[in-house]
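Chemist: Just passing along the structure, written as structure tokens.
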Amino acid sequence: QVQLVESGGGLAQPGGSLGLSCAASGIIFRLYNMVWHRQAPGKQRELVAAITGGGTTNYADSVKGRFTISRDNAKNTVNLQMNSLKPEDTAVYYCNALGVTISYWGQGTQVTVSS
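In terms of the numbering used here, the sequence shown opens at residue 103 and continues consecutively.
Laid out in structure tokens, this is it:
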């Protein structure tokens, strides 16, 4: 049974930081590209950051220089460090394991940026 479990969401002030983590089980983790997506109320889900099994990263323009994605293939985890948070970063953040022919999703974790 495949499980992706996100943790670390919550409330942050503008300019603050939060770290998200996603723990994967039931997959050969190193074979999957890992992606963080987010969905704000009334908006479409969007890609935030991605990392290949080998560690190559990609970011949405809106988060470049502020967010950092990383992974630990030994621990089957992927992390998203979010700095200099803005109110527009408020969304539900989803972890996604993207394989060649299949994709798995976590349940999402809420991030709210507000003063």
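Ideal placement from N, C-alpha and C gives every residue a C-beta, glycine not left out. The structure presented is a predicted model; accordingly, all values stated were derived computationally and were not measured.
Assuming Gly-117 and Leu-187 are in contact, meaning their beta carbons sit under 8 angstroms apart, how far apart are those beta carbons, in whole angstroms?
Modeler: Right, the Cβ-Cβ distance comes to about 7 angstroms (below 8 angstroms), so this counts as a contact.
Chemist: With respect to the beta strand (DSSP E) encompassing Thr-192, which residues constitute its N-terminal and C-terminal limits?
Modeler: Taken as a continuous stretch (DSSP letters only), Thr-192 belongs to no beta strand (DSSP E), as it is neither H nor E.
Chemist: Only counting the same chain, and skipping five residues up and downstream in sequence, which positions put a Cβ closer than 6 angstroms to that of Tyr-201?
Modeler: The sequence given here places Gly at residue 201; Tyr does not occur at that position. If we look at Gly-201 and ignore the five residues flanking it on each side, its Cβ neighbours are Tyr-134.
Chemist: Is Arg-173 helix, strand or coil by DSSP?
Modeler: Of the three classes helix, strand and coil, the one that applies to Arg-173 here is strand, per DSSP.
Chemist: Quick one: Cα of Ala-199 to Cα of Ala-142, how far?
Modeler: The straight-line gap from Cα to Cα measures roughly 20 angstroms.
Chemist: DSSP has Val-215 in a bridge; who is on the other side?
Modeler: Ala-114, per the DSSP bridge assignment.
Chemist: Please report the residue range of the beta strand (DSSP E) in which Asn-181 lies.
Modeler: Here the beta strand (DSSP E) through Asn-181 covers 179–184.
Chemist: Where do the N-terminal and C-terminal ends of the beta strand (DSSP E) with Val-150 fall, by residue?
Modeler: Per DSSP, Val-150 belongs to the beta strand (DSSP E) from 148–153.
Chemist: Cβ of Pro-189 within 8 angstroms of Cβ of Ser-164?
Modeler: No. Outside cutoff.
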